[in-house]
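In UniProt numbering, the protein residues as written are 1 to 280. All C-beta atoms, glycine included, are put in the ideal place defined by N, C-alpha and C. Each remark here refers to the structure printed beneath this line.
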Amino acid sequence: MLKAQVLEAVEAIRKRSDVVPELALVLGSGLGPLADHIDGVTIPYSEIPHFPVSTVQGHDGVLIVGTLFGRTCVAMRGRVHMYEGYSAQEVTFPMRVMAALGATTTVITNAAGGMGDGMVVGDIVAIEDHLSLAVAAGFDPLRGPNEPAFGERFVSMNKAYDPELIALVQSLSPMVSRGVYGHAIGPSFEPPALIRFLKQAGVDLVGMSTVPEVIVARHMGLKVLALSAVTNIAVSSVNDAHVTNEDEVWEAVKLVQPKLLTLMEALIPVLPRADSGSAA
């Protein structure tokens, strides 16, 4: 069933574009302007069979297939989240489609709360590991029957975030740090008690996306680079007068956009190339 749905989506996209993408890009909260630089075809999610549709501010809900900085790519301008009511399998369906189109490397971006030592709003952090209580509790996108054409039943998460790609992005911008991403479903912001727990567990960032996409990307055999833009500092004490709100996050996103775009302009052209091919 899943394979048939993926192939149906791929067929619909290929009727609009014959580009075989090397790269799959997931452009997170407010980070969609990078897509303006793609020379290609724009397809609303609503016109792709079985594709979930974005309902959140800053997530436009279109797929763009074309060329970016000299590289063929397929880009999600806006993602969907489990807090919108979608399952882990539905949230990750687009990643399966992008892999089936031919992508072999994915670059995923998100906005996240920072809790690591010295982190400030505007920092860009390369994710090197994650902790997801949601996945541990059973919300794993690989739960259920496995599709052998896509990947193995059991997928290692050790080095899920490609060390060579992390080293590459840090060589381009030494100000990019590394960190562990904590995944919460949301949409409520994380309470101080959870922030303290995550900090004790070695987590540096927290957000409501990315981890399910990374799991499925690895299941499909893609190399993964994930970048977080720190848009707020997570509150770890009930005595802290600051209350995180959505407006604060969006203002920070606007500030970090130019920095992230500059980094991507340098990164995309030098990402390692691989033989294109379809996982479907």
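Assess, as a yes-or-no matter, whether the region 138-149 is touched by the region 241-259 under the definition of 3 or more beta carbon pairs within less than 8 Å. no
Closer than 6 Å by C-beta to Ser278: which residues in its own chain qualify, once you throw out the five before and the five after it? Chain order, please. Reliability fails at Ser278, whose pLDDT of 41 lies under 50, so the model's placement of it is uncertain and the value that follows must be treated cautiously. Ala100, Gly102, listed in sequence order.
Please list the terminal residues of the continuous alpha helix (DSSP H) segment that includes His183. Counting along the chain, His183 falls outside any alpha helix (DSSP H), though it belongs to the beta strand (DSSP E) covering 177-183.
Can you round the beta-carbon distance between Ala149 and Ala229 to whole angstroms, since I take them to be within the 8 Å contact cut? Between Ala229 and Ala149 the Cβ distance is about 35 Å, and since that is not below 8 Å, they are no contact.
Asp162 and Val224 look like a contact to me (Cβ under 8 Å); what is the Cβ gap, rounded to whole Å? 6 Å
N-terminal and C-terminal residue of the alpha helix (DSSP H) that Lys223 is part of: Careful: Lys223 lies outside any alpha helix (DSSP H), inside the beta strand (DSSP E) at 223-233.
Give the secondary structure of Ser278 by DSSP, where H, G and I count as helix, E and B as strand, and everything else as coil. Because Ser278 sits at a pLDDT of 41, beneath the cut-off of 50, its placement in the model cannot be relied upon, and the following sentence gives the value as read from the coordinates. If DSSP states are grouped into helix, strand and coil, Ser278 belongs with coil.
Residue ranges of each alpha helix (DSSP H) within the region 30-99, 4 or longer: 88-91
With burial defined as no fewer than 16 other Cβ atoms inside 10 Å of the residue's Cβ, what is the status of Phe51: buried or exposed? buried
Tell me, please, which residues DSSP counts as bridged to Ile108. Val26, Ala226
With DSSP run on the structure shown, which of helix, strand or coil describes Asp129? strand
Could you check what DSSP says for Leu205 in three-state terms: helix, strand or coil? strand
Out of Gln200, Pro192, Leu63, Ser209, point me to the one whose CA is closest to Leu25's CA. Leu63
Buried or exposed, going by whether 16 or more other CB atoms sit within 10 Å of the CB of Glu47? exposed
On the CB-based measure, 16 or more other CB atoms within 10 Å of its CB, does Arg273 come out buried or exposed? exposed
Could you give the first and the last residue of the continuous alpha helix (DSSP H) run that contains His219? 211-219
Distance between beta carbons of Ala184 and Ala134, contact taken as under 8 Å: 7 Å
Delimiting residues of the alpha helix (DSSP H) encompassing Thr262: 246-267
Going straight from the alpha carbon of Glu11 to that of Ser87, what length do you get? 23 Å
Identify which residue in Asn232, Met115, Asp18 has its Cα closest to the Cα of Cys73. Asp18
Same chain, Cβ closer than 6 Å to Met45, five either side skipped, listed in chain order: Residue identity check: residue 45 is Tyr in the sequence provided, not Met. Phe51, Val53, Gly61.
Please identify the residue among Leu261, Gly179, Ala252 whose C-alpha is closest to the C-alpha of Leu131. Gly179
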